[in-house]
Amino acid sequence: MHRLVCRQSPRRERTSCRVLTRLYSRLSTPRLNASCESPEPLLSANRTNRQTRQSNMAPSTLTPEQLQAMLAAQLAMPHPVSGSDDQYQPKAQPYHVFEDGKWLAVTETKEPQSSAVSKTVTLLTWNIDFLVPHGDARMRAALAYLSSLVSNLPNDPLVIFFQEMTRSDLSLISSARWIQDRFYVTDLDTSNWISDGYGTTTLIDRRLCLASPPARGGSGDNSAASSSAVFRVPFPSRFQRDGLFADLALAAGTGAGTEGCVLRLCNVHLESLVANPPVRPAQMRVAGKWLAKDNVEAGLLAGDCNAIEPFDATIGPENGLRDTYLELGGKESDEDGMTWGVQVPDWMREKFGLSRMDRVFCKGKAKPISLERIGVGVKVEEEGEGQGEWVTDHFGLKAKVELVDVELLLNETAASGMKP
0 MHRLVCRQSP RRERTSCRVL TRLYSRLSTP RLNASCESPE PLLSANRTNR
50 QTRQSNMAPS TLTPEQLQAM LAAQLAMPHP VSGSDDQYQP KAQPYHVFED
100 GKWLAVTETK EPQSSAVSKT VTLLTWNIDF LVPHGDARMR AALAYLSSLV
150 SNLPNDPLVI FFQEMTRSDL SLISSARWIQ DRFYVTDLDT SNWISDGYGT
200 TTLIDRRLCL ASPPARGGSG DNSAASSSAV FRVPFPSRFQ RDGLFADLAL
250 AAGTGAGTEG CVLRLCNVHL ESLVANPPVR PAQMRVAGKW LAKDNVEAGL
300 LAGDCNAIEP FDATIGPENG LRDTYLELGG KESDEDGMTW GVQVPDWMRE
350 KFGLSRMDRV FCKGKAKPIS LERIGVGVKV EEEGEGQGEW VTDHFGLKAK
400 VELVDVELLL NETAASGMKP
């Protein structure tokens, strides 16, 4: 892991979109930890503005007064009320594969025919701040860093969760050769996002077999949305947040009840801001229900959980989810678990401290082996505007997970290149 010495960012501490937004998002939030030490490796064993940046345009083109007015308008909106389950039904979407020099949408998943299996999977999750300037330069730097990281990982199947993606970010992702060669991509454009401004996307190793539609059946599932292994479930939210789910096929006969069962992935960007009543518990309840379906043998939920209040420590376990960091021996207040508050101006760190905003949760037969932070100290290196800027204010996470009594089904053709 990288080590980071906390120091002032080269840019001057000015009133900016980052500052104003983080001030709003952490309004009335308890101070978690204001000290700043070098981070260590971890453990081993919506819509804010539909005109947010596209290409090189960033919300920083707004004046502070305009941004304050925009945020104030959102804060004045009624708090979302958690309704019946009927309000939070899945919407199927395609995923995409790069073949013959172009991306093709996969709308129907065929029954996988394979005997190759894997007991482990590695998950990366990273929030790339969409509010600050130089978005393209920062995203290019993030992708270059990830390309190097991925090339040096053990050859386990890999999935990558992104949050705060923009239209331009999706274009950069789909243009990256290493992604074209290795991954399915859930989103090439914003058409499946509730918000057109920013959203989530997931990259899935092409060696993994996405589950065929019948495998998504289960107690209380909605068959009308079962035409794809990828689907979104809306959350109660002022910011049009949702859960991005993907089902990975498990090998039949590797454990009791695994015929047609899945490892279900859920990529989340939970609600920002402090709300009364709180919103994130309701969002986690919705996600938890879809991870508790009868056909889900194992589940992984990860992303920017915006965990900034005391109740955030309990919303995972209350919904049958195990916090990977804690399960591997971490403590809630340990600085080595914090993922936000280092790569920000000194005064923000002093005022708001550090937060473990980003988390990985396991469910069922998914057992964490290791967890560590990624993206520590990564800055824009290319010459030009944005050089020297942090890629994002969040650290990412890398979790290695083992499946107990079940195995992931692999595409035999793609899996033939796997290392022993």
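Taken in order, the sequence shown gives residues 0 to 419; the numbers are from numbering that gives the first Met the number 0. Where a beta carbon is used, it is the ideal one built from N, C-alpha and C, also for glycine. Values in this document were obtained by computation on a predicted structure and should not be read as measured data.
Beta-carbon contacts of residue i that lie in its chain and below 7 Å, excluding the five residues immediately before and after
i	result
residue 406	116, 117, 118, 249, 250 and 253
residue 97	179
residue 305	269, 270, 271, 279 and 356
residue 51	With a pLDDT of 40 at residue 51, under the threshold of 50, the predicted position of this residue should be treated as unreliable, and no value is reported.
residue 310	277 and 280
residue 422	As shown, the chain starts at 0 and ends at 419. That puts residue 422 outside it, with no answer to give.
residue 408	111, 113, 116, 208, 248, 249 and 250
residue 75	none
residue 403	364 and 366
residue 103	95 and 96
Per DSSP, cross-strand counterpart(s) of residue i
i	result
residue 399	121 and 369
residue 203	158 and 183
residue 209	247
residue 264	245 and 299
residue 129	None; residue 129 has no bridge partner.
residue 233	241
residue 409	207
residue 461	This structure gives no information on residue 461, because the portion of the chain shown stretches from 0 to 419.
residue 90	231
residue 198	164
residue 273	Bridge partners of residue 273: none, in fact.
Endpoints, alpha helix (DSSP H) assigned at residue i
i	result
residue 140	134-150
residue 168	166-174
Bounding residues of the beta strand (DSSP E) (the contiguous stretch that carries residue i)
i	result
residue 281	Looking at the DSSP string, residue 281 is not in any beta strand (DSSP E); the run it does join, the alpha helix (DSSP H), is 279-289.
residue 95	94-98
residue 192	Note, residue 192: premise wrong, no beta strand (DSSP E); not H, not E.
residue 104	101-105
Chain-order list of residues whose beta-carbon lies under 6 Å from that of residue i (same chain, five-residue window excluded)
i	result
residue 336	324, 329 and 355
residue 397	123, 371 and 373
residue 242	232, 265, 267 and 286
residue 411	113 and 115
residue 315	322 and 360
residue 283	314 and 318
residue 331	312
residue 156	117, 120, 204, 206 and 207
residue 160	124, 201, 266, 301 and 302
Candidates the options: closest to residue i by CA position
i	options	result
residue 164	153, 185, 157 and 146	185
residue 170	403, 135 and 109	135
residue 229	238, 235 and 183	183
residue 302	238, 126 and 284	126
residue 399	110, 360 and 342	360
residue 87	206, 235 and 292	235
residue 144	395, 197 and 401	395
residue 296	353, 321, 156 and 260	260
residue 158	150, 202, 131 and 247	202
residue 206	239, 244, 113 and 327	113
residue 109	150, 363 and 211	211
residue 199	227, 239 and 181	239
residue 139	410, 403, 390 and 412	390
residue 345	244, 191 and 392	392
residue 95	319, 172 and 376	172
residue 377	403, 364, 353 and 343	343
residue 192	162, 177 and 181	162
residue 422	274, 273, 363 and 349	An answer regarding residue 422 cannot be provided, because it is not within the stretch 0 to 419 covered by the chain.
residue 152	137, 85, 121 and 181	121
residue 327	358, 155 and 353	358
residue 300	308, 288, 93 and 107	288
residue 107	93, 245 and 160	93
residue 375	245, 293 and 338	338
residue 246	273, 292 and 275	292
residue 177	154, 194, 149 and 190	149
Cβ shell of residue i (< 8 Å), same chain only, five flanking positions each side left out
i	result
residue 175	142 and 146
residue 221	Its pLDDT being 48, under 50, residue 221 is placed unreliably in this model, and the coordinates cannot settle the point.
residue 188	166 and 169
Check: residue i C-beta below 7 Å from any heavy atom of the ligand ADP
i	result
residue 380	Of ligands this structure carries none, so the ligand ADP is not represented either.
* To do: Kindly provide the ranges of any alpha helix (DSSP H) runs that are 4 or more residues long and lie completely inside the segment 294-366, ordered along the chain.
  => 323-326 and 345-351
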